[in-house]
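Residue numbers (our numbering): 35 to 197.
All C-beta atoms in this analysis are idealised placements derived from N, C-alpha and C, irrespective of residue type, glycine included.
What you are looking at is a predicted structure, and each value in this text was computed from that prediction instead of being measured.
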Amino acid sequence: MFYRVSVIFVVSMFIVFGFQLIGAGLVKADELTTYAKSSENTDIDQQYADLATLYAPIRFVNGEHVPNQDYMDVLDDKALVLNEHPNLRIVIEGHNSVEEQNTLSAARCVFIHDYLLQVGVKPEQIVDIVNYGSDYPVYEPGFETPDRHELCRRVNFIVIGSY
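Here's what the structure looks like:
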C-alpha cells in the first residue's frame, strides 16, 4: 500500500514539476516527454508485449488438434519470444469444449509441444503439459459467435520463471 502511494506521489510531482518548467519557459513540452522516455521504459514495454504474446490463447476448430494458419502465426510468435528469452519456462494447458472428447485437448497439447521443439524452443523451457479437458470452460458474456463453445477449444501457456 505504501509503495503504491509513493509511486502515485512521485508521478504526480513529476507532472506538477513538468508543468512548472513548461510554464516558466525553461523546457518545451516535447523536451519533457523526451526526459520521461528512456530505454528502460522501452524494455518494459517490450516485456509486456512479449508476455501478452505468450498469454494469448491458441484456438482450434471443433474436432481438430492442429490450429488454423492464423493461430499457427500466433504459435510462431510465442516460439520466437521463448527462443529470445531462454530463462522463461511455460506450462502448456489444453482445453476442449464439452462436445469434444478429453483426449482431443491432450492431442492439442502434444501438437503444440512438438511444434515448439521443432522450431527451436529448448525442452527444459516446457515444464509441464496439463490436460484439463472440459473442466474449465470459457464463456464471455456479450461475445456473440455462432459456436458457443468456440472459446473453450484452446491451449494456454502459463509463464513461470524469470524474464
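Item to check | 3 or more residues per run - each beta strand (DSSP E) lying fully within the segment 98-146 | outcome: List check, beta strand (DSSP E) in window: 123-129.
Next on the checklist: Quick check: what's the CA-CA separation for A140 versus I126?
Outcome noted: Here residue 140 is taken as the residue at index 106 of the sequence shown, counted from 1. Here residue 126 is taken as the residue at index 92 of the sequence shown, counted from 1. In this structure, the CA atom of A140 is about 10 Å from the CA atom of I126.
Checklist entry - For I194, which residues does DSSP report across the bridge? => result In the sequence shown, counting from the first residue as 1, residue 194 sits at position 160. Note: I194 sits in a beta bridge opposite R123.
Next on the checklist: Taking the straight line between their C-alpha atoms, what separation do you get for I194 and L122?
Outcome noted: As a position in the sequence shown, residue 194 is number 160, starting the count at 1. As a position in the sequence shown, residue 122 is number 88, starting the count at 1. Taking C-alpha positions only, I194 is separated from L122 by approximately 6 Å.
Next on the checklist: Using a Cβ-Cβ cutoff of less than 8 Å, which residues in the same chain neighbour L109 once the five nearest sequence positions on both sides are dropped?
Outcome noted: The residue given as residue 109 occupies position 75 in the sequence shown. Setting aside the 5 residues that flank it on each side, L109 is surrounded in the same chain by I92, P101, I146, Y149 and L150, each with a C-beta closer than 8 Å to its C-beta; the list follows chain order.
Item to check | Check whether A113 and V144 have beta carbons under 8 Å apart | outcome: Mapped onto the sequence shown, residue 113 falls at position 79. Mapped onto the sequence shown, residue 144 falls at position 110. No, Cβ-Cβ distance for A113 and V144 is not below 8 Å.
Checklist entry - When we look at the beta-carbon of E133 and count the other beta-carbons within 10 Å, is it buried (16 or more) or exposed? => result Reading the sequence shown from its first residue, position 99 is the one you call residue 133. E133 comes out exposed.
Item to check | Run of the beta strand (DSSP E) containing G167, from where it starts to where it stops | outcome: Residue 167 sits at position 133 when you count from the first residue of the sequence shown. Run containing G167: I160 to G167, per the beta strand (DSSP E) assignment.
Next on the checklist: Within a Cβ cutoff of 8 Å, which residues of the same chain sit near F191, ignoring the five residues on either side of it in sequence?
Outcome noted: Position 157 of the sequence shown holds residue 191. The residues are L88, Y89, K112, I124, V125, I126 and E127.
Checklist entry - Can you round the beta-carbon distance between H119 and D84 to whole angstroms, since I take them to be within the 8 Å contact cut? => result Counting from 1 along the sequence shown, the entry for residue 119 is found at position 85. Counting from 1 along the sequence shown, the entry for residue 84 is found at position 50. That pair is a contact at about 7 Å.
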